[in-house]
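Engineer: Numbering (our numbering), first residue to last: 2 to 320. Encoded as structure tokens, here's the structure I'll be asking about.
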């Protein structure tokens, strides 16, 4: 990457040198000065802005403490240098204010008509950068699309896809590029913003006549033991979340709910989990319960079913 940067700087410097030679040391400078001088200014602006970008990038590499912080600062730096270059170029090529306003208005009107979808995506990208409903690294859902945010540009958002034919919120391996216009018309559900946990549930069906009280106790103790650390972390995040939102629930403790039907006893355990550990934790809970129930003659399992994520506080606060 450094080699490409050096080559680009050398190329711009050579072009600037050629233009300086043509303007001041040849007859072309006198006849074509109106064209050559703006081109020279254009090269100088590109060179200055590019050098500024390189300097800022090096500073960010040294100062940023985490990968996410480095990514976010680089995005801001890129936006700043792009706007700076655009403003300087407008000044160079349109020196008179009236001419600039008229030309910009006509140009903008034509572009908006011809490139409506492109400008919708750009508007969505600006809205994402300003409101920040999600950032790189968040897990989100937009309509039927689920995934982890890899990158956010002015025109599209890149996701690493989860679900589809894969169970348990795990990666499919496909990269999704969504036009940013989705933020103007769709609800964004964020699994990890502000509160990085969700609630999940596992349902255990017992045959009639089973010792449901013993089973209920075993289910609660197993799940509660496995999520004890997660519960403490979730409680700490809720305490911080209260400073930003009006919360209606503070309960992240493991809960067990039991109901009966004509041909079965239905026990549901509800627990808090990191969304990226959902399938792994569910597997561990089910595996330990199966092993424990095998040793109990008075507990007969009908089936064990998982329930989709319900009551995710992350989705509520991000809406």
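We treat Cβ as the ideally placed atom computed from N, Cα and C, and that holds for glycine.
Since residue 267 and residue 259 should fall inside the 8 Å C-beta cutoff, what is the C-beta to C-beta distance between them, to a whole number of angstroms?
Structural biologist: As a first step, residue 267 must be located in the chain shown, where it is residue number 266. As a first step, residue 259 must be located in the chain shown, where it is residue number 258. With 8 Å as the limit, residue 267 and residue 259 qualify as a contact, their Cβ atoms being about 7 Å apart.
Engineer: Using the three-state DSSP reduction, which class does residue 201 fall into: helix, strand or coil?
Structural biologist: Against the chain shown, residue 201 aligns to sequence position 200. Strand at residue 201.
Engineer: For my contact list, residue 134 and residue 193 are in at a C-beta cut-off of 8 Å; report their separation, rounded to the angstrom.
Structural biologist: For the purposes of this step, residue 134 is taken as the residue at position 133 of the chain shown. For the purposes of this step, residue 193 is taken as the residue at position 192 of the chain shown. That belief does not hold up - the Cβ atoms of residue 134 and residue 193 are roughly 12 Å apart, past 8 Å.
Engineer: Measure the C-alpha to C-alpha separation of residue 34 and residue 24 and round it to an integer number of angstroms.
Structural biologist: Position 33 of the chain shown, counted from the first residue, corresponds to residue 34. Position 23 of the chain shown, counted from the first residue, corresponds to residue 24. Distance between the alpha carbons of residue 34 and residue 24: 7 Å.
Engineer: Of all the options 82, 198, 63 and 77, which has the alpha carbon lying nearest to the alpha carbon of residue 53?
Structural biologist: As a working note, residue 53 is residue 52 in the chain shown. Out of 82, 198, 63 and 77, 82 has the C-alpha closest to the C-alpha of residue 53.
Engineer: Using beta-carbon positions only, say whether residue 125 and residue 84 come within less than 9 Å of one another.
Structural biologist: Here residue 125 is taken as the residue at index 124 of the chain shown, counted from 1. Here residue 84 is taken as the residue at index 83 of the chain shown, counted from 1. The answer is no: Cβ separation not under 9 Å.
Engineer: Within its chain, find whatever has a CB closer than 7 Å to the CB of residue 50; leave out the 5 residues flanking it on each side and keep chain order.
Structural biologist: As a first step, residue 50 is located in the chain shown; it is residue number 49 there, counting from the start. Within the same chain, residue 50 has close Cβ partners 82, 85 and 86.
Engineer: Is the separation between the beta-carbon of residue 294 and that of residue 286 shorter than 9 Å?
Structural biologist: Here residue 294 corresponds to residue number 293 of the chain shown, with the count starting at 1. Here residue 286 corresponds to residue number 285 of the chain shown, with the count starting at 1. No. Outside cutoff.
Engineer: Suppose the cutoff is 8 Å on Cβ atoms and the five residues either side in sequence are ignored; what does the same chain contact list for residue 37 look like?
Structural biologist: Sequence index remark: in the chain shown, residue 37 carries index 36 (1-based). Answer for residue 37: 20, 23, 24, 29 and 30, listed in chain order.
Engineer: On the DSSP bridge list, what partners appear for residue 270?
Structural biologist: Here residue 270 corresponds to residue number 269 of the chain shown, with the count starting at 1. Answer by DSSP bridge pairing, in chain order: 203 and 257.
Engineer: Identify every residue that forms a DSSP beta bridge with residue 148.
Structural biologist: Indexing the chain shown from 1 puts residue 148 at position 147. Answer is 141 and 162.
Engineer: By the three-class DSSP mapping on this structure, what secondary structure does residue 18 have?
Structural biologist: The residue you call residue 18 lines up with position 17 of the chain shown. In this structure, residue 18 counts as helix in the three-state DSSP scheme.
Engineer: Based on the DSSP output, what are the partners of residue 262 in its beta bridges?
Structural biologist: The residue given as residue 262 occupies position 261 in the chain shown. For residue 262, which the question treats as bridged, DSSP gives the partners 265.
Engineer: May I ask which residues mark the beginning and end of the alpha helix (DSSP H) holding residue 34?
Structural biologist: Looking up residue 34 in the chain shown gives position 33. Segment 34–64, the alpha helix (DSSP H) holding residue 34.
Engineer: Let me confirm a value: residue 202 is counted as buried when at least 16 other C-beta atoms fall within 10 Å, else exposed. Which label applies?
Structural biologist: Here the question's residue 202 lines up with position 201 in the chain shown. So residue 202 counts as buried.
Engineer: Among the residues of its own chain, which have a CB less than 7 Å from the CB of residue 15, if the five just before and after it don't count?
Structural biologist: Walking along the chain shown from the start, residue 15 turns up at place 14. Closer than 7 Å at Cβ, skipping near neighbours: no residue.
Engineer: Got a sec, what are the start and stop residues for the beta strand (DSSP E) residue 189 sits in?
Structural biologist: Here residue 189 refers to the residue found at position 188 of the chain shown. It spans 189–191 - the beta strand (DSSP E) in which residue 189 sits, taken as one unbroken run.
Engineer: Among the candidates 206, 143 and 10, whose CA atom is the shortest distance from the CA of residue 48?
Structural biologist: By one-based count along the chain shown, residue 48 stands at place 47. Residue 10 is the option with its Cα nearest to residue 48.
Engineer: Contact check, residue 90 vs residue 46 under 8 Å by CB: the rounded distance?
Structural biologist: The residue given as residue 90 occupies position 89 in the chain shown. The residue given as residue 46 occupies position 45 in the chain shown. Going by Cβ atoms, the distance from residue 90 to residue 46 rounds to 6 Å, so yes, they are a contact pair.
Engineer: Does the Cβ of residue 179 have 16 or more other Cβ atoms within 10 Å, making it buried, or fewer, making it exposed?
Structural biologist: The residue given as residue 179 occupies position 178 in the chain shown. Its Cβ being crowded by 16 or more others within 10 Å, residue 179 is buried.
Engineer: Taking the CB atoms as reference points, tell me whether residue 130 and residue 218 lie closer together than 9 Å.
Structural biologist: On the chain shown, residue 130 is found 129 positions in, with the first residue counted as 1. On the chain shown, residue 218 is found 217 positions in, with the first residue counted as 1. Not closer than 9 Å, so no.
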